[in-house]
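Enquirer: Just dropping this structure here.
Number of protein chains: 2
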Amino acid sequence: MNSSHSPLAAARVAGAKRSREVSIADIARVAGVSHTTVSRALRDSPLISEETRKRIQQLALEMGYTPNAIAQSLQTRRTNTIGLAVTSIADPFLSEVVRGIEEVARSAGLSVFLSATHNDPEQEIAVIETFHRRRVDGILVASSRMTGEYKQRLDQIRIPTVLINSQAESQYELLHWVAVDDVLGARLAVEHLLALGHRAIGYVGTSSRPRSCRQRLEGYRAALADAGLTPREEWVTMMRAEEASPQEDVLCGRRALQRLLDAGVTAVFCQNDMMAIGLLMACYRRGIAVPRELSVAGFDDIEMASCIIPPLTTVRQPRLELGRLAMQVLLDLLHEQEGHNHVLTPTLVVRESTAPPLASSDALPPSTTTE
Amino acid sequence: MNSSHSPLAAARVAGAKRSREVSIADIARVAGVSHTTVSRALRDSPLISEETRKRIQQLALEMGYTPNAIAQSLQTRRTNTIGLAVTSIADPFLSEVVRGIEEVARSAGLSVFLSATHNDPEQEIAVIETFHRRRVDGILVASSRMTGEYKQRLDQIRIPTVLINSQAESQYELLHWVAVDDVLGARLAVEHLLALGHRAIGYVGTSSRPRSCRQRLEGYRAALADAGLTPREEWVTMMRAEEASPQEDVLCGRRALQRLLDAGVTAVFCQNDMMAIGLLMACYRRGIAVPRELSVAGFDDIEMASCIIPPLTTVRQPRLELGRLAMQVLLDLLHEQEGHNHVLTPTLVVRESTAPPLASSDALPPSTTTE
DNA sequence: ACTGCTAATGCACACGTGTGCAAACATCCA
DNA sequence: TGGATGTTTGCACACGTGTGCATTAGCAGT
Chain R
1 MNSSHSPLAA
11 ARVAGAKRSR
21 EVSIADIARV
31 AGVSHTTVSR
41 ALRDSPLISE
51 ETRKRIQQLA
61 LEMGYTPNAI
71 AQSLQTRRTN
81 TIGLAVTSIA
91 DPFLSEVVRG
101 IEEVARSAGL
111 SVFLSATHND
121 PEQEIAVIET
131 FHRRRVDGIL
141 VASSRMTGEY
151 KQRLDQIRIP
161 TVLINSQAES
171 QYELLHWVAV
181 DDVLGARLAV
191 EHLLALGHRA
201 IGYVGTSSRP
211 RSCRQRLEGY
221 RAALADAGLT
231 PREEWVTMMR
241 AEEASPQEDV
251 LCGRRALQRL
261 LDAGVTAVFC
271 QNDMMAIGLL
281 MACYRRGIAV
291 PRELSVAGFD
301 DIEMASCIIP
311 PLTTVRQPRL
321 ELGRLAMQVL
331 LDLLHEQEGH
341 NHVLTPTLVV
351 RESTAPPLAS
361 SDALPPSTTT
371 E
Chain S
1001 MNSSHSPLAA
1011 ARVAGAKRSR
1021 EVSIADIARV
1031 AGVSHTTVSR
1041 ALRDSPLISE
1051 ETRKRIQQLA
1061 LEMGYTPNAI
1071 AQSLQTRRTN
1081 TIGLAVTSIA
1091 DPFLSEVVRG
1101 IEEVARSAGL
1111 SVFLSATHND
1121 PEQEIAVIET
1131 FHRRRVDGIL
1141 VASSRMTGEY
1151 KQRLDQIRIP
1161 TVLINSQAES
1171 QYELLHWVAV
1181 DDVLGARLAV
1191 EHLLALGHRA
1201 IGYVGTSSRP
1211 RSCRQRLEGY
1221 RAALADAGLT
1231 PREEWVTMMR
1241 AEEASPQEDV
1251 LCGRRALQRL
1261 LDAGVTAVFC
1271 QNDMMAIGLL
1281 MACYRRGIAV
1291 PRELSVAGFD
1301 DIEMASCIIP
1311 PLTTVRQPRL
1321 ELGRLAMQVL
1331 LDLLHEQEGH
1341 NHVLTPTLVV
1351 RESTAPPLAS
1361 SDALPPSTTT
1371 E
């Protein structure tokens, strides 16, 4: 009958330095009931009388009780946690995707572990390993190359997984995925350039994202073919890259300009916006007017695309939607429902980096079906 | 003596559908020892003989054992987890900061929970609450306003916390922080404009980040004062905003142009790069040449600043460093060491959006110390 | 008063891991 | 051979929460 006047004061004193948090056992002791009753009362179990429940909930509040999610997870075998692996956190394409994911996850009561893989197979495996150790309920992987070992790993641990715009060349039936139609997107961009009157249209891609590069190249080729054109070999410039970082992409675009000019193109379709921006910068440096002398189109429609001068014509990926949908599919899987794969439709956003070619541009001999 | 030929096969069968993961108890059973021995062997305890340890580690590998971090956390009272609260995930300023944080965290064996608060007090509290429930070892808060209730909450739960570029007007001695010197940064930018010959220099700020706005305004005023100038009231345009999102900032910049032109300034210093970019876009629309007719300087040096045309003169915040350092301070706190607060020094990055004013610009009467 | 029924509560165990302490065993020395 | 010392192992408990089952209390009906 000396110290603690109220449970509240007791909690304060207990939490003075670095001591334990208030547990249901503590509440039980104060309330004079078993920890079982407290547990049930806090979870609104119908087994507990209205009166007891109210009393205990009030007490929990006064004592500053915060449930221990760790202990709950151990018991229920659910952590209400997901792992999100991205290639690069600073990737402007991913920012909105991650935003969509976190938004949906949080409204479903899930917390998100974020980890970067830097497009490096070894780190990818380490990240998955960590997620597994932490017993996440599900995993999302964005824009990753999927090396064989990685896939094998994911396969073994049997955690529901959804891939977003996977760069793996082969799909695996065990994994689910959400992606944007790259072939269609590329078609839209190239058809736009064709409609403006361009005939010599270049392509710039990078080896750091092999799948989207291949698919977009395919769309590019298909659009040209439909117009009765076959691209010259030198129109297609493939840049070597490893890291898949924005800086690297800009550099690729910048370095590609000379080769494209040498190839004599009047328009360029870039694998993504960052490369297009690199290209624009190089044009600015060399005094080449865009779009008057050279038309440039990108892919992704990142924030920057609309902020740059001239505003970039590009293919819009519904990035926020992509993230939301991926998380939604994962939620379905977590609820033991069947998960469906989705292909989202990109749209063309015409801005000011594309225009009809200069009349002089047909100094270049038209390269129609040389086949 | 019927089914499982090897521990490996046994594990495979066990993990067939949705059954339990392999635990140390399982390994113990197979190895014919107690779970205690397995626990010690896997942790390289000196209590275990070399031979037993090797045997058990080998067995663990074969059985596909992955330690349960949840159970470990419950026992050791450490989750090796931190919570990172940001205002907006898509904020280009934060991308590099988050990258630095995750990098250091991961190399220290910590996983990162990411959550967005949208600059909303209610959500901020909810996020902190969740972090607490999950028993994170530490918390990082980036660019947040710190409402009283929020602070009180953080204060109660006594989890080591580090603030990054906090927007709270008052600092609390309990919390640690890392920040960039806003006053100095603003000085650098404005002194640069002064050195170019500008006398009528405008400022654009937003109410969504009150502290950095106030500090940068202070630096702006100080630089002008040192040059013997007092800014006219209409040179300082304050935009109302709530969300603290990039889109919102761009809009603020865009809408500020007219007011600045009316005020007759020849150069503008913006609270951040996104606002400067909005301003540039507005200039582009109105056919105002930057930097010939109007000089524009920003703050932050986000990726976009160097990619835009014209490349933006701005004040560089060491963003990656900021993230790394904040995480480092948090690590110190986690290791029971004293945490030190840090003020980082920004630097001026002169690019191409600033130039001397047109000769005609002094049609505007010089407004020297009207005081 | 006894039975049968419902409502409310507690016991005991589970989840998977770490660790203090005791016990068993081996080794060495006198 | 006995005792001292050192090495290796296991028992039992702890961490905080959830839940099946038994137990108790309360109440109505005969």
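Residue numbers (this note's numbering), protein chains in the order written: chain R, 1 to 371; chain S, 1001 to 1371. Beta carbons are placed, not taken as given, at the ideal position from N, Cα and C, and that holds for glycine. Here the structure is a predicted model, which is why all the values come from computation and not from measurement.
1) Taking C-beta pairs closer than 7 Å, name the residues in chain R that S:M1304 reaches, listed in chain order.
2) Can you name the residues of chain R whose CB is closer than 8 Å to the CB of S:A1069?
3) For S:H1176, list the residues DSSP reports as bridge partners.
4) Just to confirm my understanding: we take S:L1358, look at its own chain, exclude 5 residues before and 5 after, and list those with CB closer than 8 Å. What are they?
5) Which runs of the alpha helix (DSSP H) at least 4 residues long sit entirely within the region 53-135 of chain R? Give them in chain order.
6) Count the C-beta pairs between the region 1080-1098 of chain S and the region 1112-1122 of chain S that are closer than 8 Å, then say yes if the count reaches three, no if not.
7) Exposed or buried, which one is R:L217 when buried takes at least 16 other CB atoms within 10 Å?
8) Measure the beta-carbon distance from S:G1278 to S:V1236 and round it to whole angstroms, keeping in mind my assumption that it falls under 8 Å.
9) Taking CB distances under 9 Å as the criterion, tell me whether R:L453 reaches chain S.
10) In angstroms with no decimal places, state the Cα-to-Cα distance between S:A1244 and S:R1209.
11) In whole angstroms, give me the CA-to-CA distance for R:D181 and R:A223.
12) In three-state DSSP terms, what is R:T369?
13) Classify R:T81: buried if its beta carbon has 16 or more other beta carbons within 10 angstroms, exposed otherwise.
14) Starting from R:H335, trace the beta strand (DSSP E) both ways and give me its first and last residue.
15) Apart from the five residues just before and just after R:Q337, which ones in its own chain have a Cβ nearer than 7 Å to its Cβ?
16) Grouping DSSP H, G and I as helix and E and B as strand, with all else coil, what is R:V265?
17) Could you tell me which chain R residues have their CB closer than 7 Å to the CB of S:R1055, listed as they occur along the chain?
18) Around the C-beta of R:V178, are 16 or more other C-beta atoms found within 10 angstroms, so that it is buried, or is it exposed?
19) To the nearest angstrom, report how far apart R:A326 and R:P346 are at their CA atoms.
20) Establish whether the CB of S:Q1337 and some CB of chain R are separated by less than 9 Å.
21) When DSSP labels each residue in this structure, what does R:G228 get in the three-state scheme?
22) Can you find at least 3 beta carbon pairs, one from the region 119-138 of chain R and one from the region 59-68 of chain R, that sit closer than 8 Å?
23) Could you check whether the region 136-144 of chain R touches the region 1134-1154 of chain S, counting it as contact only if at least three pairs of C-beta atoms, one from each stretch, sit closer than 8 Å?
24) Determine the chain R residues that contact S:V1250 at a beta-carbon separation under 7 Å, and present them in chain order.
25) Just the C-alpha distance for R:Q215 and R:A189, rounded to the nearest angstrom, thanks.
26) To the nearest angstrom, report how far apart S:A1227 and S:H1192 are at their CA atoms.
27) Can you have a look at R:T76 and say buried or exposed, based on whether 16 or more other CB atoms are within 10 angstroms of its CB?
28) Candidates S:T1079, S:S1023, S:R1351, S:A1241: which alpha carbon is nearest S:S1207's?
29) Give the single residue among R:V268, R:H132, R:S144 whose Cα lies nearest to the Cα of R:L163.
30) Answer yes or no: do R:L344 and R:V315 have a C-beta to C-beta separation smaller than 9 Å?
31) For S:E1102, return the contacting residues in chain R, with the cut-off set at a CB-CB distance below 9 Å.
32) For S:L1322, which option in S:H1342, S:Q1167, S:E1248, S:L1196 has the closest C-alpha, if you only look at C-alpha atoms?
33) So with CB distances below 7 Å, who are the chain S contacts of R:Y150?
34) Which residues in the same chain as R:R379 place their Cβ atom closer than 6 Å to its Cβ, once the five residues preceding and following it in sequence are excluded?
35) Report the rounded CA-to-CA distance for S:A1031 versus R:D44, giving the unit in angstroms.
36) To the nearest angstrom, report how far apart S:S1353 and S:D1273 are at their CA atoms.
Expert: Result, derived from the coordinates:
1) By 1-based counting over the second sequence, the position of residue 1304 of chain S is 304. Ordered by position in chain R, the residues that pass the 7 Å Cβ test against S:M1304 are M304, C307.
2) Within the second sequence, the letter at position 69 stands for residue 1069 of chain S. Those within 8 Å of S:A1069 in chain R are R133, R134, R135.
3) Here residue 1176 of chain S corresponds to residue number 176 of the second sequence, with the count starting at 1. Answer is S:V1162, bridged to S:H1176.
4) Numbered from its first residue, the second sequence carries residue 1358 of chain S at position 358. Only T1266, R1292, E1293 meet the Cβ criterion.
5) 69-76, 92-107, 121-133
6) yes
7) By 1-based counting over the first sequence, the position of residue 217 of chain R is 217. So R:L217 ends up on the buried side.
8) Taking the first residue of the second sequence as 1, we reach residue 1278 of chain S at position 278. Taking the first residue of the second sequence as 1, we reach residue 1236 of chain S at position 236. Between S:V1236 and S:G1278 the Cβ distance is about 17 Å, and since that is not below 8 Å, they are no contact.
9) Only positions 1 to 371 of chain R appear in the structure, and residue 453 of chain R is not among them; the question remains open.
10) As a position in the second sequence, residue 1244 of chain S is number 244, starting the count at 1. As a position in the second sequence, residue 1209 of chain S is number 209, starting the count at 1. So the alpha carbons of these two residues sit roughly 7 Å apart.
11) Mapped onto the first sequence, residue 181 of chain R falls at position 181. Mapped onto the first sequence, residue 223 of chain R falls at position 223. Each residue's alpha carbon lies about 15 Å from the other.
12) Counted from its first residue, the first sequence places residue 369 of chain R at position 369. Residue placement at R:T369 is flagged as unreliable, the pLDDT there being 37, under the threshold of 50; the coordinate-derived value follows with that caveat. Of the three classes helix, strand and coil, the one that applies to R:T369 here is coil, per DSSP.
13) Translated into positions along the first sequence, residue 81 of chain R becomes position 81. Flag for R:T81 reads buried.
14) Taking the first sequence and counting its residues from 1, the one referred to as residue 335 of chain R is at position 335. From DSSP, R:H335 is part of no beta strand (DSSP E); its letter is neither H nor E.
15) Locating residue 337 of chain R in the first sequence gives position 337, counting from the first residue. The answer is none, since no qualifying residue turns up.
16) The residue given as residue 265 of chain R occupies position 265 in the first sequence. Residue state, collapsed to three classes: coil.
17) For the purposes of this step, residue 1055 of chain S is identified with residue 55 of the second sequence, where counting begins at 1. Those within 7 Å of S:R1055 in chain R number zero; the least Cβ separation is about 23 Å.
18) Taking the first residue of the first sequence as 1, we reach residue 178 of chain R at position 178. R:V178 comes out buried.
19) Your numbering for residue 326 of chain R matches position 326 in the first sequence. Your numbering for residue 346 of chain R matches position 346 in the first sequence. Straight-line Cα distance between these residues: approximately 16 Å.
20) Within the second sequence, numbered from 1, the residue matching residue 1337 of chain S stands at position 337. It does not: the Cβ of S:Q1337 has no partner Cβ on chain R nearer than 9 Å.
21) For the purposes of this step, residue 228 of chain R is identified with residue 228 of the first sequence, where counting begins at 1. R:G228 falls in the coil class under three-state DSSP.
22) no
23) no
24) Start at 1 with the first residue of the second sequence, and residue 1250 of chain S comes out as number 250. By Cβ distance, chain R contributes C307.
25) Taking the first residue of the first sequence as 1, we reach residue 215 of chain R at position 215. Taking the first residue of the first sequence as 1, we reach residue 189 of chain R at position 189. Between R:Q215 and R:A189, the C-alpha separation is close to 13 Å.
26) Position 227 of the second sequence holds residue 1227 of chain S. Position 192 of the second sequence holds residue 1192 of chain S. Each residue's alpha carbon lies about 12 Å from the other.
27) For the purposes of this step, residue 76 of chain R is identified with residue 76 of the first sequence, where counting begins at 1. Result: exposed.
28) In the second sequence, counting from the first residue as 1, residue 1207 of chain S sits at position 207. S:S1207 has its Cα closest to that of S:A1241, out of S:T1079, S:S1023, S:R1351, S:A1241.
29) In the first sequence, counting from the first residue as 1, residue 163 of chain R sits at position 163. Answer by Cα proximity: R:S144.
30) One-based indexing of the first sequence puts residue 344 of chain R at position 344. One-based indexing of the first sequence puts residue 315 of chain R at position 315. Not in contact: R:L344 and R:V315 (Cβ atoms no closer than 9 Å).
31) In the second sequence, residue 1102 of chain S corresponds to position 102, counting from 1. Near S:E1102 (Cβ distances below 9 Å), the residues of chain R are I89, L114, S115, A116.
32) Reading the second sequence from its first residue, position 322 is the one you call residue 1322 of chain S. The candidate whose alpha carbon is nearest that of S:L1322 is S:H1342.
33) Mapped onto the first sequence, residue 150 of chain R falls at position 150. In chain order: nothing, as chain S lies at least about 16 Å away.
34) Here chain R covers residues 1 to 371 and nothing more, so residue 379 of chain R does not appear.
35) In the second sequence, residue 1031 of chain S corresponds to position 31, counting from 1. In the first sequence, residue 44 of chain R corresponds to position 44, counting from 1. Roughly 44 Å separates the two Cα atoms.
36) Locating residue 1353 of chain S in the second sequence gives position 353, counting from the first residue. Locating residue 1273 of chain S in the second sequence gives position 273, counting from the first residue. Their backbone Cα atoms lie some 12 Å apart in a straight line.
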